[in-house]
Amino acid sequence: MRGNWVVKLDDPARSVMTDFTEHHLISVAAATQVDEALEQMKHAQVRSAFVTDPKKDTVVGLITAYDIMGEKPIRHIQENGGAREDVTVADIMDTARDWQVARLADVEKATVATMLETFKATGRTHIAVVEEKDGKGPRLRGVFSGAKLLRLTEKARQAGKGAKK
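Everything in the sequence shown is counted per my numbering, starting at 15 for the first residue and increasing by one.
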């Protein structure tokens with residue numbers, strides 16, 4: 015991320031999307047123990063990773079550092095027994111079927127303000143972006159992070175600058 019990156023509310027939403035044609039998609043296997051997954055994310059210098067099922071070669075969920083360091087592992091242990099070492103990414107991830115998803119075609123028309131409103135309305139921490147290409151069905155193209163969006167727009171929101179839609 016650029017040091018003094020200034021984002022205005024009327025900027026194109028795509029300007030704050032992590033685009034997987036420009037950045038590597040970071041993933042961890044669903045069976046990975048949560049603390050190991052956190053170490054992998056730290057090493058990659060990211061706060062979230064997509065969860066994969068290596069047997070099916072598919073993305074099945076999303077895990078964040080906040081999920082791992084927060085109450086989700088504790089809640090899982092309380093409900094299912096065991097120890098922290100037994101908690102896997104699959105146990106606490108947000109499953110793909112529960113995601114808020116945006117189509118790339120819609121993102122192309124949206125502003126940063128629109129994405130902020132979407133995060134506020136849905137209460138989600140991330141929004142996956144899919145693209146339909148070559149008639150092969152939706153393909154994961156990118157992701158929006160609510161925390162990143164808030165961080166990048168803090169000055170604009172405080173100053174009340176930019177267009178709101």
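Glycine is no exception: its CB is placed at the ideal position from the N, C-alpha and C atoms.
Residue i, DSSP secondary structure in three states
| i | result |
| --- | --- |
| V157 | strand |
| A124 | coil |
| G40 | Note on identity: in this sequence residue 40 is Ile, with Gly being the wrong assignment. In the structure shown, I40 sits in coil (DSSP, three-state: anything other than H, G, I, E or B). |
| A45 | coil |
| T139 | coil |
| T35 | coil |
| V144 | strand |
Unbroken alpha helix (DSSP H) run spanning residue i, endpoints
| i | result |
| --- | --- |
| R117 | First-last for R117: Q114 to R117, but that is the beta strand (DSSP E), not the alpha helix (DSSP H). |
| L93 | The amino acid at residue 93 is misidentified as Leu; the sequence shows Glu. Segment K86 to N94, the alpha helix (DSSP H) holding E93. |
| V101 | No alpha helix (DSSP H) contains V101, which DSSP labels as neither H nor E. |
Nearest residue (CA-CA) to residue i, options the options
| i | options | result |
| --- | --- | --- |
| F133 | E146, K147, V115 and I82 | V115 |
| A45 | T66, V60, R61 and V30 | T66 |
| V20 | T167, D81 and L118 | T167 |
| Q47 | V74, A119 and A97 | A97 |
| V144 | N94, T128, T125 and A119 | A119 |
| D24 | T72, V126, H38 and R171 | V126 |
| G137 | A161, R117, E93 and G95 | A161 |
| R61 | V73, K69, V42 and V74 | V42 |
| L39 | A142, D108, Q92 and E53 | A142 |
| L93 | I82, A110, D105 and G84 | Checking the sequence, you will find Glu at residue 93 rather than Leu. That would be D105, whose Cα lies nearest to the Cα of E93. |
Residues bridged to residue i (per DSSP)
| i | result |
| --- | --- |
| S62 | T78 |
| D108 | L76 |
| P26 | T125 |
Min CB distance residue i to chain B below 8 Å
| i | result |
| --- | --- |
| T109 | Of the chains in the structure shown, none is chain B; there is only one protein chain. |
Exercise for the section: Please determine if the segment 48-56 and the segment 97-106 are in contact, where contact requires at least 3 C-beta pairs separated by less than 8 Å. Expected result: yes
Problem - Touch test, the segment 145-160 against the segment 19-38, Cβ-Cβ under 8 Å, three pairs minimum - result: yes
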